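Participant:
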Amino acid sequence: MSSLRLCCQITQADRIEDLVNRLEKRIDDFEEDNNFSEKYYEDFSGLYFMMLWTLMKNGASKDEVRMMQAKGYSYADDNYKRVK
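Every position in the sequence shown, counted from 1, becomes a number in the working numbering once 265 is added.
(1) Let me know the secondary structure DSSP gives ALA325 once reduced to three states.
(2) Could you check what DSSP says for TYR306 in three-state terms: helix, strand or coil?
(3) Note down the Cα distance separating GLN334 from ASN300, rounded to an integer number of angstroms.
(4) State the Cα-Cα distance for the pair TRP318 and ASP343, rounded to the nearest angstrom.
(5) Nearest-angstrom Cα distance between TYR340 and MET315?
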């Protein structure tokens, strides 16, 4: 009976290990698929500076731009914090 129990426990441990390995792979695949690429940051910076230029061209003062940036930082901080 003891060797049958041992065999069942080994089988169950192998199943759990397989499940953990598949879960780790899915997490790795998800992280890889959802990482921002360098191109994303290039596009985002270009857009940011274009919007900044548009604001300045339309007469926004530096204080108004700083106020908008502060609101943006606050919004991002409230809504896009990473959970660790």
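Glycine residues also receive a C-beta, built at the ideal position from the N, C-alpha and C atoms.
Owing to the predicted nature of the structure, the values given are computational and were not obtained by experimental measurement.
Facilitator: On the basis of the data shown:
(1) coil
(2) helix
(3) 24 angstroms
(4) 26 angstroms
(5) 21 angstroms
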